[in-house]
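K.L.:
As given, the protein sequences belong to chains S and W, one line each in that order.
Residue numbers for the first sequence follow the numbering used here, beginning at 539 and rising by one.
Residue numbers for the second sequence follow the numbering used here, beginning at 87 and rising by one.
In this text, a Cβ means the ideal position worked out from N, Cα and C, and glycines have one as well.
I'd like to ask you about the structure that follows.
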Amino acid sequence: MTHEEFESIAALDAIGAATAEEAARLGGHLASCESCRRTRDEFAEAATLLAQDLDPVSPPPEVREHVIETIAEEDEIEDNVVDAGRRFINPWWLATAATLFLALWGWREFGMRVARENMRTQQAQIEQLKTENALLHDQKEKLAVEMSALAAPSTRAIALAGQQISPSASARVFLEPEKRRAIVFFQNLPSNPKDKSYQLWIIRADQPNPMSAGVFDVADNGNASIVIENLPLSTEMKALAVTLEPRGGAEQPTNTNFYLMGNS
Amino acid sequence: METTHEALLPSVARGDTVAFESLYDRYSSTLYALLLRILSNPEDAQEVLQETFVKAWTNAKMFDSSRGSEIAWLISIARSRGIDKLRSRKIRGDRENDAGREISIHSSFVESTTGADKAVQSQESGAVRSALSELPEAQRVALELAYFEGFSQSEIAAKLGEPLGTIKTRMQLGMKKLRERLQAFK
């Protein structure tokens, strides 16, 4: 818009006839245009000629009295506020205010520190929950496999019996020949030392040496379970046995202390 | 015009109550006439007149003589408050009923200003009337509907049965003429 166009809007604005949109545009322009501001002021002054053209009418005298009384009251209130302000600004109040400010500042800092600590704790909890969630996910997957294996019509169960070193122990192997997969549930095995692992061995008919089927740990309740993938054909498996081996397992059994044993 | 008076608002801004009383005596009749014209109701007009002077007392420091005259500043306050009151009470519908009362208010005008002020006012009033008398009737009517009644452009167009563009042009031309006349006074 040109300055002339803004002047035309200013003329309307001076008598309150500019639309809201025009008034907003004009306001924006006036903020940066000294010349148009002056023009707007001149129009505003000119508009008052309409009022000055009216015949003056004296208001009733009591209006004057009321106005004078009102401003006297306003003065009194203002004086009281000023007095209160002065009282507030004495050194004692300043010291109190400063102390209060420092206390509030310190409290705020403390609050922020606590909030940061809480945030760190919550972050750690989130990480822990993520880990637990991953574990639960794994367990769910494992359970799904176990359920599938147990429910399959071709699944065959093999029992392993506790040997001399752990007579009360037992295990059940659920074998899925078609998938060459097995799930083994162990019960009542003594918990293994931290530097040892239990290891399950498959004794094959076609090979002289046992074959490792996996390692596992037993908790205090004596129970454990493992899933064995890529099993040899069932016709090639002769027996299953469990020994306690160095942590992580061994290529071949390091001892003949069988905890469990059973024929397949 | 008001420039012939000694400005009072700077003294009022310093808390001078005597200057404030002089301010009231000098301008209250002009402002009251304006408020009666807008509100057509003496009680409302007196209430807004009081508010106007109280605001003048509290806001006198905001008056900037480089932007306009003392009387223009006071008229702007009174007009703005008067239109607000008019809109808030929605008394437009009652205005026709009050028309007869307005005439009696004007006829009961009581002169209360001093001799010197009276002479100045008479001189000023003559100059103002001269400026307004030069306006074509159609322009003046459109300006008065906006200024005293608070009507919008479209309301005025509807009221007068004229196209909106015509009304807009009339008001702009009328205001430009008033501005030119004002500059000529100075």
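1. Closer than 8 Å, CB to CB, is W:Phe106 near chain S or not?
2. For the stretch 694 to 706 of chain S against the stretch 772 to 783 of chain S, do three or more pairs of beta-carbon atoms, one drawn from each stretch, fall closer than 8 Å, so that the two count as touching?
3. Which chain W residues are close to S:Thr659, counting only those with a beta carbon under 7 Å from its beta carbon?
4. Since S:Tyr736 and S:Val753 should fall inside the 8 Å C-beta cutoff, what is the C-beta to C-beta distance between them, to a whole number of angstroms?
5. Identify each residue in the stretch 586 to 607 of chain S for which the Cβ-Cβ distance to at least one residue of chain W is less than 8 Å, and report them in chain order.
6. Can you give, in chain order, each stretch of the beta strand (DSSP E) that sits fully within the stretch 753 to 784 of chain S and has at least 3 residues?
7. Can the beta-carbon of W:Ala99 be found less than 8 Å from the beta-carbon of W:Ala146?
8. Give a yes or no on contact between the stretch 133 to 143 of chain W and the stretch 590 to 610 of chain S, applying the rule of three or more CB pairs nearer than 8 Å.
9. For the beta strand (DSSP E) containing S:Gln512, list its first residue and its last residue.
10. Among residues of its own chain, excluding the 5 on either side of S:Glu542, which ones have a beta-carbon nearer than 6 Å to its beta-carbon?
11. Along the chain, where does the beta strand (DSSP E) containing W:Arg274 start, and where does it finish?
12. Around the Cβ of S:Gln790, are there at least 16 other Cβ atoms within 10 angstroms (buried) or fewer (exposed)?
13. In terms of alpha-carbon separation, which member of S:Glu545, S:Thr540, S:Pro728 lies closest to W:Met261?
14. With distances taken between CB atoms, is the gap from S:Ala584 to W:Ile161 smaller than 8 Å?
15. Could you round the C-beta distance between S:Ile740 and S:Pro748 to whole angstroms and report it? I think they count as a contact, below 8 Å.
16. Within this structure, are the beta carbons of S:Glu679 and S:Arg719 separated by less than 8 Å?
17. Quick one: does S:Leu554 have its CB under 8 Å from some CB of chain W?
18. Strictly under 8 Å for the Cβ-Cβ distance: is S:Ala561 near chain W by that measure?
19. For W:Trp143, collect the residues of the same chain with a Cβ closer than 7 Å to its Cβ; drop the 5 residues on either side in sequence, then sort them by chain order.
20. Is the stretch 569 to 579 of chain S touching the stretch 251 to 260 of chain W, taking contact as three or more C-beta pairs under 8 Å?
21. Should W:Asn127 go down as buried or exposed, given a rule of 16 or more other Cβ atoms within 10 Å for buried?
22. Which term fits S:Thr577, buried or exposed, when burial requires 16 or more other beta carbons within 10 angstroms of its beta carbon?
23. Count the other CB atoms, across all protein chains shown, that sit within 10 Å of the CB of W:Trp159; report buried if there are 16 or more and exposed otherwise.
24. For W:Ser166, which option in W:Leu221, W:Ala131, W:Leu259, W:Pro96 has the closest C-alpha, if you only look at C-alpha atoms?
25. Just mark W:Ile191 as buried or exposed, buried being the case when its beta carbon has 16 or more other beta carbons within 10 Å.
26. Which chain W residues sit within Cβ distance under 9 Å of S:Thr634?
27. Helix or strand or just coil, what does DSSP make of W:Glu220?
28. To the nearest angstrom, how far is it from the Cα of W:Leu229 to the Cα of S:Ile547?
29. Label W:Arg187 either buried or exposed according to how many other C-beta atoms from any shown protein chain fall within 10 Å of its C-beta, with 16 as the threshold for buried.
30. Excluding the 5 residues preceding and the 5 following S:Ala636 in the sequence, name in chain order all residues of the same chain whose CB lies nearer than 8 Å to its CB.
31. Check the Cβ-Cβ distances between S:Glu583 and every residue of chain W, and say whether any is below 8 Å.
32. For W:Glu197, count the other beta carbons within 10 Å of its own beta carbon; 16 or more makes it buried, fewer makes it exposed. Which is it?
33. Would you mind sorting S:Glu600 into buried or exposed? The rule is 16 or more other CB atoms within 10 Å of its CB.
34. Flag W:Gln136 as yes if its beta-carbon sits less than 8 Å from any beta-carbon of chain S, otherwise no.
35. Cα separation between S:Ala672 and S:Gln666?
P.N.:
In short, the structure shows the following:
1. yes
2. yes
3. What S:Thr659 touches in chain W: nothing, since even the nearest Cβ is about 56 Å away.
4. 7 Å
5. Cβ contacts with chain W come from Thr586, Leu587, Leu588, Ala589, Gln590, Asp591, Leu592, Asp593, Pro594, Val595, Ser596, Pro597, Pro598, Val601, Arg602, His604, Val605, Ile606.
6. 762 to 766, 775 to 784
7. yes
8. yes
9. In the structure displayed, chain S extends from 539 to 802; residue 512 of chain S sits before or after that span and is not available.
10. none
11. Given a span of 87 to 272 for chain W in the structure shown, any question on residue 274 of chain W remains unanswerable.
12. Taking all protein chains shown into account, S:Gln790 has fewer than 16 neighbouring C-beta atoms within 10 Å of its C-beta and is therefore exposed.
13. S:Glu545
14. no
15. Yes, S:Ile740 and S:Pro748 are in contact; Cβ-Cβ is about 7 Å, under 8 Å.
16. No, the Cβ-Cβ distance between S:Glu679 and S:Arg719 is not below 8 Å.
17. Looking at the sequence itself, residue 554 of chain S is Gly, so the reference to Leu does not match. Yes, S:Gly554 lies at the interface with chain W (some Cβ there is under 8 Å from its Cβ).
18. Not an interface residue.
19. Val98, Phe106
20. The stretch 569 to 579 of chain S and the stretch 251 to 260 of chain W do not touch, with fewer than 3 CB-CB distances between them shorter than 8 Å.
21. buried
22. buried
23. buried
24. W:Ala131
25. Caution is warranted here: a pLDDT of 39 is assigned to W:Ile191, below 50, making its placement in the model unreliable, and the coordinate value is therefore given only provisionally. Result: buried.
26. Correct list: empty, because the minimum Cβ distance to chain W is about 32 Å.
27. coil
28. 14 Å
29. With a pLDDT of 43 at W:Arg187, under the threshold of 50, the modelled position of this residue cannot be trusted, and the question is left open.
30. none
31. yes
32. For W:Glu197, the predicted structure reports a pLDDT of 39, less than 50, and the residue's modelled location is therefore unreliable. The matter cannot be settled from this model.
33. exposed
34. yes
35. 10 Å
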